[in-house]
Amino acid sequence: MDTLSASVVITARNRREETLKAVASALCQDFGELETLVFDDASGDGTSQALEKAAPEVRLFALTERKGYIANRNRGFREAKGDIVFSLDDDAYFSSPDIVARVMTIFENDPSVGAVAIPFIEPLNVRSLSSLRSPFRAKAGDELRGYIGCAHALRKELALQLGGYRAYFVHQGEERDLCLRLLDAGYRIVYADCAPVVHTVSPRREAMRVNFYGARNLILFDWLNLPWPNLIVRLIWDPVAILRYRFTWRAVPGRLRAIGAGFIEAARRYRERKPVSPRTYARYRRLPGHGPQEWNGPAPTPCKAPKQEPTAPGPGIHAGRVGIRATE
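See the structure below:
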């Protein structure tokens, strides 16, 4: 059994207090030398300054120009020193100090596991109530088709070999795209047996932007990845499904624009089409997806690291702030 190292990558933008909770929950993990990286995506609310004061041991990348969370996650793969990269949203946190250790055991025991979907709850998300009609029922060790971005871990070298997330997805759907490519490479995605990540689902999310890119990227996902004849079927059915979902006449123009944008981007990316095998796609369709656990009652509080006396940084790049001012 190989001993693997781990890093936690947090992408943040204008969620100072939530980011502090996320970082504190990463620092409390009981897993030896666990590296924590935070990419502050040009926040204007003092996120970087607060982190410098509260968590100097974190590797902080304070960007001066907004890059987007997909680009920052990709950079996280390149910058992280750990073999396994845990991705944590800035409005999410670990609820127990043993989550990283339990997930790492899965990777160490089974080299066929490329990614682990971590249990998560969304106690503040009213939309999650709809999941009660068909609750997420996966058991520990079950194989899934993918993971949700707020609660997962991934083999770093595998992510780099696959090219990471496609940055031109911009927002929404990039995990699904990478997961299908991961499955096609012969790896598995399994569900962890551990306490949940708590995803608070910040109400400040840009709903119109999320909906636009969700629809656009579904069309783009189909074009880039699906084999014949599944591609033709999905390019007919998915636009219909987008229009029918919670249908209102008021929503039609915006959805048509998103669908059109998806086809336009697909045309631009026609040379990048690399369909997975029919066998992989059939397996992907057969496997269940990742979703929030049912949860009643108050959310678990973030675990917190014990207070320690600050230590002097060593030579070179120390474990504190790494000021990134380039706009690459």
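Numbering-wise (the numbering used here), the sequence shown opens with residue -7 and increments by one.
C-beta atoms are modelled at their ideal positions from N, C-alpha and C, and glycine is treated no differently.
Remember, predicted model here, so these are calculated numbers, not experimental data.
Distance from the Cα of Cys186 is smallest, within the candidate group Met96, Gly138 and Leu150, for Met96.
In the structure shown, Leu(-4) falls within a coil segment according to DSSP collapsed to helix, strand and coil. A check of alpha carbon separations from Ala132 across Pro188, Gln153 and Val202 identifies Pro188 as the nearest.
Within the same chain, Cβ atoms closer than 7 Å to the Cβ of Gln164 are found at Val202, Tyr205, Gly206 and Asn209, the five residues on either side in sequence being excluded.
For Val105, the three-state secondary structure derived from DSSP is strand. Only residues of its own chain outside the window of five on either side were considered, and among them Ser120, His191, Val193 and Pro284 have a CB closer than 6 Å to the CB of Glu114, listed in chain order. Leu12 places its beta carbon 8 Å or farther from that of Leu136.
Counting of Cβ neighbours within 10 angstroms places Asn66 among the buried residues, the total reaching 16 or more. Our two residues, Ala177 and Cys295, have alpha carbons roughly 36 Å apart in a direct line. Around the C-beta of Lys45, fewer than 16 other C-beta atoms lie within 10 Å, and the residue is accordingly described as exposed.
If only uninterrupted beta strand (DSSP E) runs of at least 3 residues are considered, those enclosed by the region 139 to 173 are 144 to 147.
Considering only Phe112, Ala72, Ile76 and Phe69, the residue with the shortest C-alpha distance to Ser88 is Phe112. In the DSSP assignment, Ile181 is bridged to Ala107. Following the DSSP letters along the chain, one finds Thr11 inside the alpha helix (DSSP H) bounded by residues Arg8 to Leu19. Boundaries for Asp83: no beta strand (DSSP E) harbours it, and the DSSP string shows neither H nor E there.
In the DSSP annotation of this structure, Glu114 is not part of any alpha helix (DSSP H), being labelled neither H nor E. Secondary-structure assignment with DSSP links Thr39 through no beta bridge to anything. For Phe31, the three-state secondary structure derived from DSSP is strand. Annotated three-state conformation of Thr240 is coil, per DSSP. Contact between Gly60 and Asp33 holds, with the beta-carbon distance rounding to 7 Å and staying under 8 Å.
In the three-state reduction of the DSSP assignment, Ala130 falls in the coil class, being assigned neither a helical nor a strand state.
By the Cβ neighbour-count rule, Thr3 is buried, with 16 or more other Cβ atoms within 10 Å of its own.
The Cβ-Cβ distance between Ala93 and Tyr139 does not fall below 8 Å. Take Phe78, set aside five residues on each side of it, and the residues of its chain with a beta-carbon closer than 6 Å to its own are Val0 and Ala145, in chain order. The C-alpha of Leu26 lies about 35 Å from the C-alpha of Arg277.
For Leu210, the enclosing alpha helix (DSSP H) covers residues Ala199 to Asn217. For Phe23, the closest C-alpha among the options Pro219, Ile76 and Ser269 is that of Ile76. Spanning the alpha carbons of Val268 and Leu172 requires a straight line of approximately 8 Å.
According to the DSSP assignment, Ala291 belongs to no alpha helix (DSSP H), since it is labelled neither H nor E. Excluding the 5 residues flanking it on each side, Thr39 has same chain C-beta neighbours closer than 6 Å at Ala4, Arg8, Thr11 and Asp32, in chain order. The secondary-structure analysis by DSSP pairs Leu248 with nothing; it has no beta-bridge partner.
Going by DSSP, Ala63 is part of the alpha helix (DSSP H) stretching over Tyr61 to Glu71.
Relative to the Cα of Gly68, the nearest Cα in the group Trp287, Tyr157, Val162 and Leu218 belongs to Tyr157.
Scanning its chain for C-beta atoms nearer than 6 Å, with the 5 sequence neighbours on each side dropped, one finds around Leu227 the residues Asp214, in chain order. With a contact defined as Cβ atoms closer than 8 Å, Ile234 and Ile251 qualify at about 6 Å.
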